[in-house]
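The structure appears right after this line, and notes come after that.
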Amino acid sequence: MYAWPASEVPALPGSGRDLRIHDTATGGPITLDPGPVARIYVCGITPYDATHLGHAATYNAFDLVQRVWLDTKRQVHYVQNVTDVDDPLLERAERDGQDWTELAERETALFREDMTALRMLPPQHYIGAVEAIPGIVPLIERLRDCGAAYELEGDIYYSVESDPAFGKVSGLDAATMRRLFAERGGDPERPGKKNPLDPMLWLAAREGEPSWDGGSLGPGRPGWHIECVAIALDHLGMGFDVQGGGSDLAFPHHEMGASHAQTLTGEYPFAKAYVHAGMVALHGEKMSKSKGNLVFVSALRRDGVDPVAIRLALLAHHYRDNWEWTDAVLEEAAERLARWRSAVSRPDGPPADAVVEEIREALANDLDAPAALAAVDRWAAVQESEGGTDEGAPGLVSRAVDALLGIAL
Ligand code: 5CA
Ligand code: ZN
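In our numbering, the protein residues as written are 1066 to 1474.
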């Protein structure tokens, strides 16, 4: 699939810092040491509804990861999927009496527009589940042939017991795993499974549902976790630097994906860091398509809200925090944007070299965007109260917030 256009990332004087980031698997910060080409996989949307602010906040976090790496003069190899066939998408299409492919295409197109408006850097490979099926089938066949997968009434399940490292990504106890598996698309109650946590790899064709040629697996469609594994292995290989998503993906999705990949290749780890963003809530509950308590990026844009202000509202929260979207969050962001724009509108100002270093330092420290905003706020306040004589300082601040925070002033 095509992704979306990239906004240009200005080069800054000096050089950036290596990223220290919280890794869910080790439960603490690790300093990443990517090669000249840093590799990142970020789980994409299931396109049955428009991009809400929770999605936007999560993609913003991983956009910052890329910007920190680009500032260290590395290239970034970024892969993202689109889960363009899965139960929730088919259920929504059925409920609304529309064609599931049209629903997926329409919502994916809207996501591209939202990402472009928010100045999120596009992935080099933007891959749909459907287009990945020819690569998924042989992986499932291999898992079955090595005894790590089994058949149940025509469906194929992965056996979590085939992997001694299973559980190391999320570090959860058995009862929590079981609860989350049931809540997040798993089927622990199905009779005949070897272990209640075993996830579906291949769902045999059902009456009235789309299906594809599965070679020796028979006609059907892929499970969710193997989709991301196939796409990541195809485009990044094992041991890539970061796998990213919201905290609701740590278990089961990223746990199962790591387990599939490690069993398939005999190598460890799948990703060097598993990075998870907090959940954005509305009216006290996690924003989610299934609950319907959503604020859409596209709806705000239609109402004339500047997408730069939306992005600044996301950046005002640490990516790992759970936080609540309110009108006040957006108002504060719009006010801050106005202050910043006014501060950079003059040709000279207070020296800005230290501001650039403070933004770099803040982001390298587990993507502390609020601390980065505070550094710019301080500079803008001095500009406002005293001004300065440093020619080009406002331009440097503009370029720094553009390059490192994706904010166009
Ligand atoms: N297609 C799968 C990933 S392979 C999926 O989870 N799609 S999704 O559309 O449900 O979510 C896309 C991304 O947004 C995921 O990383 C998810 O964790 C994140 N996300 C969903 N809801 C929220 C929320 N309320 N706050 C923050 N992030 C969220
Ligand atoms: Zn995924």
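Glycine included, each C-beta is placed from N, C-alpha and C at the ideal position.
Apart from the five residues just before and just after residue i, which ones in its own chain have a Cβ nearer than 8 Å to its Cβ?
i: P1160; result: Looking at the sequence provided, one finds Arg at residue 1160 rather than Pro. Closer than 8 Å at Cβ, skipping near neighbours: no residue.
i: D1413; result: G1452, G1453, T1454, D1455, E1456, G1457, A1458 and P1459
i: G1304; result: E1332, P1334, F1335, A1336 and K1337
i: P1101; result: R1139 and Q1140
i: S1355; result: P1153
i: E1272; result: none
i: R1085; result: P1094, I1095, T1096, L1097, A1429, N1430 and D1431
Assuming residue i and residue j are in contact, meaning their beta carbons sit under 8 Å apart, how far apart are those beta carbons, in whole angstroms?
i: L1154; j: Y1113; result: 4 Å
i: W1444; j: A1427; result: At roughly 13 Å, the Cβ-Cβ gap does not stay under 8 Å, so W1444 and A1427 are not in contact.
i: F1361; j: M1242; result: F1361 to M1242, Cβ: 32 Å. No contact.
i: L1217; j: G1257; result: 5 Å
i: Y1339; j: A1126; result: Not quite, the Cβ-Cβ distance comes to about 13 Å (not below 8 Å), so this is no contact.
i: L1470; j: L1395; result: Their Cβ separation, rounded to whole angstroms, is 17 Å, which puts L1470 and L1395 out of contact at 8 Å.
i: L1118; j: L1432; result: Rounded, the Cβ-Cβ distance is 18 Å, inconsistent with contact.
i: K1233; j: A1090; result: 6 Å
i: S1224; j: D1263; result: 6 Å
i: D1228; j: T1328; result: 5 Å
i: L1183; j: I1375; result: 6 Å
i: M1066; j: V1147; result: 7 Å
i: V1195; j: H1300; result: Actually they do not touch by this definition, with Cβ atoms about 16 Å apart.
i: K1259; j: Y1215; result: 7 Å
Can you find the residues in the same chain that come closer than 7 Å, C-beta to C-beta, to residue i, ignoring five residues on each side of it along the sequence?
i: G1081; result: V1133, D1136, T1137 and R1425
i: A1071; result: L1186 and P1187
i: E1206; result: G1280, S1281 and L1282
i: A1197; result: E1292, A1295 and I1296
i: Q1448; result: A1408, G1414 and P1415
i: V1141; result: A1103, I1105, Q1131, W1134 and L1135
i: S1312; result: H1341, A1342, G1343 and M1344
i: A1465; result: L1077, V1420, V1421 and I1424
i: R1209; result: I1221
i: I1201; result: P1287, I1291, E1292 and A1295
Excluding sequence positions up to five away, which residues of its chain have a Cβ less than 6 Å from the Cβ of residue i?
i: L1461; result: A1417
i: K1351; result: M1344
i: A1393; result: none
i: G1285; result: W1267, L1268, A1269, A1270, S1276 and G1279
i: A1434; result: L1380
i: G1193; result: M1066, V1147 and D1149
i: R1177; result: W1069
Can you tell me which residues form a DSSP beta bridge with residue i?
i: D1455; result: G1414
i: V1147; result: G1193
i: W1444; result: None, per the DSSP bridge assignment.
i: E1389; result: A1346
i: A1338; result: V1307
*3-residue-minimum beta strand (DSSP E) runs that sit fully inside the region 1183-1254, ordered along the chain*: 1190-1193, 1214-1217 and 1220-1223
_Neighbouring residues (CB closer than 5 Å to any heavy atom of the ligand GDP)_ = The ligand GDP is not part of this structure, which contains only the ligand 5CA and the ligand ZN.
_Suppose only complete runs of 3+ residues qualify. What are the beta strand (DSSP E) ranges in the region 1340-1385, listed by chain order?_
1345-1347
*Mind pulling the alpha helix (DSSP H) runs of 4 or more residues that sit fully within the region 1067-1143?*
Runs of the alpha helix (DSSP H) inside the region 1067-1143: 1118-1136.
*Of all the alpha helix (DSSP H) runs that stay within the bounds of the region 1255-1313, which reach a length of 4 or more residues?*
1289-1300
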